[in-house]
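Enquirer: All residue numbers for the sequence shown refer to numbering that gives the first Met the number 0, where the first residue is 0 and numbers rise by one. Even glycine gets a Cβ: it sits at the ideal position worked out from N, Cα and C.
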Amino acid sequence: MRMTRIGPTGTTIYPDDTDSMGEAIGFYAEQAKALQEGGVDAICIETMVSREETEAALGAVKNHTKLPVVVSAVFSAKDPAIHTLWGMDLPTFVKCAQDFGANVIGGNCIESWPEAVKIAEALRSATKLPIIIQPNAGLPRIVDGKPIYTPNDEVMLESAERLLKIGVNILGGCCGTTPNDIAKLRRVVDRFNQVNKPR
0 MRMTRIGPTG TTIYPDDTDS MGEAIGFYAE QAKALQEGGV DAICIETMVS
50 REETEAALGA VKNHTKLPVV VSAVFSAKDP AIHTLWGMDL PTFVKCAQDF
100 GANVIGGNCI ESWPEAVKIA EALRSATKLP IIIQPNAGLP RIVDGKPIYT
150 PNDEVMLESA ERLLKIGVNI LGGCCGTTPN DIAKLRRVVD RFNQVNKPR
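1) Can you find the residues in the same chain that come closer than 7 angstroms, C-beta to C-beta, to P67, ignoring five residues on each side of it along the sequence?
2) Distance check for G6 and E54, CA to CA, integer angstroms please.
3) Please determine, among G175, R190 and Q193, the residue with the shortest C-alpha to C-alpha distance to E145.
4) Which residue marks the beginning of the beta strand (DSSP E) containing K145, and which one marks its end?
5) Considering only the alpha carbon of each residue, which of E160, F26, S19 and D189 lies closest to A200?
6) Pull the bridge partners of I104 from the DSSP assignment, please.
7) Quick check on this structure: which residue in P134, M0, V188 and L156 has the alpha carbon closest to the alpha carbon of A72?
8) Going by DSSP, what residue range makes up the alpha helix (DSSP H) through I181?
9) Given 7 angstroms as the limit, tell me if W112 has its C-beta closer than that to any heavy atom belonging to the ligand GDP.
10) For F26, I'd like the list of residues in its chain whose CB is within less than 7 angstroms of its CB, leaving aside the five on either flank, ordered along the chain.
11) Please report the straight-line C-alpha distance between T46 and I131, rounded to a whole angstrom.
12) Report the three-state DSSP secondary structure of E45 (helix, strand or coil).
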């Protein structure tokens with residue numbers, strides 16, 4: 000399956016600002032149509048932080064293509080209430096995703112795997128849609144001006160198993176994740192599926 004990603008515009012879409020909303024929808028629609036013409040099978044809208052941009056991106060893709068759509072936001076679970084840095088809380092995101100016809104819902108660029116578990120639990124309680132989770136490989140250290148990630152394999156693999164038990168359907172990684180990390184996650188998924196396959 001060929002799935003490609005669409006990220007945020009990098010600009011602020013203010014509530015009730017029809018001009019900025021219309022411009023954002025235009026940007027997303029142009030990308031979505033070109034990607035469909037290019038032959039992709041699905042589009043992943045990721046790294047969303049606000050309701051307005053989530054609506055613009057989802058609406059554009061759903062209205063201008065016939066492709067399945069994954070939508071993923073950047074949540075923090077440090078506070079009791081799970082939210083993005085721009086203040087979109089998890090229930091608002093879930094409602095927006097469902098209202099605009101997302102096929103899969105989730106979180107990416109999550110700072111840690113334990114936080115991802117909390118976010119996945121909240122998502123699973125809030126929706127019956129398939130869930131995607133893609134945490135970062137921990138927080139980076141800046142060495143010679145470059146981010147260096149030092150993931151904790153034990154935490155990652157233990158959290159991955161917990162995520163699967165919660166009911167996460169698609170498991171991956173975001174910033175700092177390497178092919179080696181994905182290979183390790185794949186082994187966790189394979190073991191989980193083997194143990195839990197229908198008898």
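Expert: Result, derived from the coordinates:
1) A41 and N102
2) 13 angstroms
3) Residue 145 is actually Lys in this sequence, not Glu. Closest option to K145, Cα to Cα, is G175.
4) K145 to I147
5) Shown here, the chain extends from 0 to 198; a query on residue 200 therefore has no answer.
6) V70 and I130
7) P134
8) P178 to V194
9) For the structure depicted, the ligand GDP is absent and the ligand set is empty, with no information on it obtainable.
10) T8
11) 12 angstroms
12) strand
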